[in-house]
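Note sheet for the following structure.
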Amino acid sequence: MAATKATTLFSLTAVKTYLAITDTSKDVALVQIADAVSQRIESVTKRMFVTRALTEIRDGNGGLRLRLRYYPISTTTGFTLTQKTTQDATTSTSYTYQTDFDLDLVNGIIAMRSTPFYKLFQSVTVAYSPGFGAQAAITLPQDIYHAGLDYLKAVSA
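Numbering-wise (this note's numbering), the sequence shown opens with residue 23 and increments by one.
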């Protein structure tokens, strides 16, 4: 049986339930449409809704706060922050959550406690998991989820 990508807002089961489809003849097409609709929603909103791990490389800004591209942050487990101290550095400094920095999980903001982000090109590397939850989870924004299903229905008609 076909399955949507793990990063797609809707599982194939959710799509078929919403569209009241019981046979498998359209599964491949529905998966492709669901994946495309989810990708389009994330592209337009510039947000990640289904939680996934990623690594983001940012320029340091010279300040104590840095907003990540994607938020909310779903978990601090596996969150890592490293920073080069000079542009040509081959070593980097790792920082510890709740010792060296704090996180605003809702808004995706890292707040350093004392050491600023060095104002260097691509000096900050952050590994984290943004998103609202797992595929088809109740924690996803329900307005986005249902609007996506409505869009999917219109596209698949």
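C-beta: ideal position from N, C-alpha, C; glycine also.
- When only Cα atoms are considered, serine 65 and tyrosine 92 end up about 12 Å apart.
- Taken through DSSP and simplified to helix, strand or coil, arginine 135 comes out as coil.
- For isoleucine 166, same chain residues with a beta-carbon under 8 Å away, outside a window of 5 residues either side, are Leu31, Ile63, Thr67 and Phe71 in chain order.
- Per DSSP, reduced to three states, the secondary structure at glycine 82 is coil, with no helix or strand assignment.
- In terms of Cα proximity to tyrosine 119, the closest of Leu34, Ile132 and Thr107 is Ile132.
- Per DSSP, reduced to three states, the secondary structure at arginine 69 is coil, with no helix or strand assignment.
- Taking 8 Å as the cut-off, the Cβ atoms of arginine 135 and aspartate 124 count as close.
- Partner residues in the beta bridge of isoleucine 95, as assigned by DSSP, are Pro152.
- Going by C-alpha positions, serine 116 is about 41 Å away from isoleucine 55.
- Taken through DSSP and simplified to helix, strand or coil, leucine 88 comes out as strand.
- At least 8 Å separates the beta-carbon of leucine 174 from that of valine 50.
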